[in-house]
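Sequence lines, in order, name chains A and B. The opening position of the first sequence corresponds to residue 3 in this note's numbering, with each subsequent residue numbered one higher. The opening position of the second sequence corresponds to residue 764 in this note's numbering, with each subsequent residue numbered one higher. Ideal placement from N, C-alpha and C gives every residue a C-beta, glycine not left out. Values in this document were obtained by computation on a predicted structure and should not be read as measured data.
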Amino acid sequence: AQSVTQLGSHVSVSEGALVLLRCNYSSSVPPYLFWYVQYPNQGLQLLLKYTSAATLVKGINGFEAEFKKSETSFHLTKPSAHMSDAAEYFCAVIVEYGNKLVFGAGTILRVKS
Amino acid sequence: DGGITQSPKYLFRKEGQNVTLSCEQNLNHDAMYWYRQDPGQGLRLIYYSQIVNDFQKGDIAEGYSVSREKKESFPLTVTSAQKNPTAFYLCASSIDESRQEMGYTFGSGTRLTVV
């Protein structure tokens, strides 16, 4: 069964610094991978997704992620953090027709001024 | 604008009571889902429905029930059998099961608290 591991339940960066949120997946077949963002007491918003096209995926708000099959990773990055990026981020995976979206435990990003 | 509407945003329940959370979508999506969110545990699937009048249990269905009488609506009932119902509940939808690469669209959630 597919699964997702997000390394680090909390990440803290300074405003203007690089954001790196880690996600590793387990799957024996190429997956569909997603990053979602959640602000307090709100639903999840899709940031970006990998669907076997380009391995470097660009999303909204300046975020991007790179699919690395050899490392089974799909880390989320942003060159320069903004205060408005403070939120919780979820990595998710689907691998097979009929299977459901499986989420990681989430990473809370804190941006310091 | 198309989207998913969850209501109410906040809900308080006395122990022993059943409560129903509403989820309505106007995206013309076939599939709908209910997730429960607890701090540090990510999202866990409660129930899902791929077509009208059909639904399946997810990973944590005990103490919950659903119905899917209309394509647009997928209400979730939290019964008195659910021992720890305090959580944030999220409803989602997707075009259909064959288009998983499209991802899910989420509602804004309902926070349920047992008092």
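CB contact below 8 Å: residue 29 of chain A versus chain B: no
My understanding is that residue 104 of chain A touches residue 4 of chain A, with C-beta atoms under 8 Å, so please give their C-beta distance in whole angstroms. 6 Å
Near residue 825 of chain B, which residues of its chain fall below 8 Å by C-beta distance, leaving aside the five closest residues on each side in sequence? 844, 845
Out of curiosity, what's the CA-to-CA distance linking residue 805 of chain B and residue 870 of chain B? 16 Å
Separation of residue 82 of chain A from residue 840 of chain B, as counted between CA atoms: The straight-line gap from Cα to Cα measures roughly 43 Å.
List the endpoints of the continuous beta strand (DSSP E) containing residue 817 of chain B. 817-820
If you drop the 5 nearest sequence neighbours on each side, which residues of the same chain put their C-beta closer than 8 Å to that of residue 811 of chain B? 794, 795, 796, 797, 818, 819, 821
Within 10 Å of its beta-carbon, does residue 87 of chain A have 16 or more other beta-carbons around it, so buried, or fewer, so exposed? buried
Between the region 19-39 of chain A and the region 72-79 of chain A, do at least 3 Cβ pairs fall closer than 8 Å? yes
Quick check on residue 71 of chain A - is its C-beta less than 8 Å from some C-beta in chain B? no
Could one say the Cβ of residue 61 of chain A lies closer than 8 Å to chain B's Cβ atoms, at least one of them? no
Cβ shell of residue 16 of chain A (< 6 Å), same chain only, five flanking positions each side left out: 114
CB residue 838 of chain B to CB residue 785 of chain B, shorter than 8 Å? yes
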